[in-house]
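Each residue of the sequence shown is one higher than the one before, counting from 9 in the numbering used here. Before any comments, here is the structure.
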Amino acid sequence: MMESNEPLVRVREVGKRYGTLAVLTDINLDIYPGETVAIIGPNGAGKSTLLDLLLGLRQPDVGTIAHRSDDPRAEIGLQLQSVPYFAGFTALENVRMVAACYGLRRRDAELLSLLERCGLSEAARRDAARLSGGQQKRLALAMAVVHRPRLLFLDEPAAALDPRARRDIRALIRELAGDGASIVLTSHDMEEVGLLADRILLLHGGRIVAEGAPDALLAALGADSLEELFLRCTETPPSGGRQEASVC
9 MMESNEPLVR
19 VREVGKRYGT
29 LAVLTDINLD
39 IYPGETVAII
49 GPNGAGKSTL
59 LDLLLGLRQP
69 DVGTIAHRSD
79 DPRAEIGLQL
89 QSVPYFAGFT
99 ALENVRMVAA
109 CYGLRRRDAE
119 LLSLLERCGL
129 SEAARRDAAR
139 LSGGQQKRLA
149 LAMAVVHRPR
159 LLFLDEPAAA
169 LDPRARRDIR
179 ALIRELAGDG
189 ASIVLTSHDM
199 EEVGLLADRI
209 LLLHGGRIVA
219 EGAPDALLAA
229 LGADSLEELF
239 LRCTETPPSG
249 GRQEASVC
């Protein structure tokens, strides 16, 4: 769902090297308000480096990354695969402390409402270290959105969860997108990508080899599934030239 023609983030001709290894080459990307973008690709394709660049944790060697906001970090939320939490503190206390890091003083009623949306109403006053893996994933998401970010990064948000927990996390991600948040997620789960993504960015060998809406990509490439598309686009090394959207 797009709400504006002006992107929140604009990436132009970005490249990144580690020594002599070109990790990213000629990356061009716009992220618009209210859309969910899935970044996929094989291991070593450059997904983590691209996320680091978008988050400002690393700087590109060439090209530019421009955020619409003057203070983008205040408007960014991040959920990692590993769940960081303050051991010895309850789920409610963890969310409260993250809010305080942003200079926010949220009433407990607001925080409990957020935890309820994340499926943690019964676990709100339980030590975070004693939560199940699925509950800790939900807590990480609550901590990532407590400051109401406009841009949310999710790294394998439903990895290693049971089917019920995956369903709940996906429903919450759809709800956040419906509220207007822009979401950038990485995932190796093609079913998850098809269910959540408005747009797919497929990286291979540090280059964008396919980009577009899931149905449009499948039609353009004559693929029956996202898994088939993934395999076809990554079975051979990418060419040295610039890759245009929607083609491998």
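Note that CB positions come from ideal geometry on N, CA and C, so glycine has one too.
| Item | Value |
| --- | --- |
| C-alpha gap between G27 and D69, whole angstroms | 11 Å |
| The region 124-137 touching the region 90-97, judged by at least three CB pairs closer than 8 Å | yes |
| Buried or exposed (CB count within 10 angstroms, at least 16 for buried), E14 | exposed |
| Chain-order list of residues whose beta-carbon lies under 7 Å from that of P245 (same chain, five-residue window excluded) | G213 |
| 8 Å Cβ cutoff met for A227 and C241 | no |
| Between the CA atoms of V45 and G23 - distance to the nearest angstrom | 20 Å |
| Cβ-Cβ distance between A166 and L122 below 8 Å | no |
| G213, DSSP secondary structure in three states | coil |
| Coil, strand or helix - F238 by DSSP | helix |
| DSSP state of A74 mapped onto helix, strand, coil | strand |
| Whole runs of the beta strand (DSSP E) within the region 51-112, excluding any shorter than 3 residues | 70-75 and 84-87 |
| Outcome for S190 when other beta-carbon atoms lying within 10 angstroms are tallied against a minimum of 16 | buried |
| Proximity to T194 [Cα-Cα], best of G230, I35, L184 and R207 | R207 |
| For L128, three-class secondary structure by DSSP | coil |
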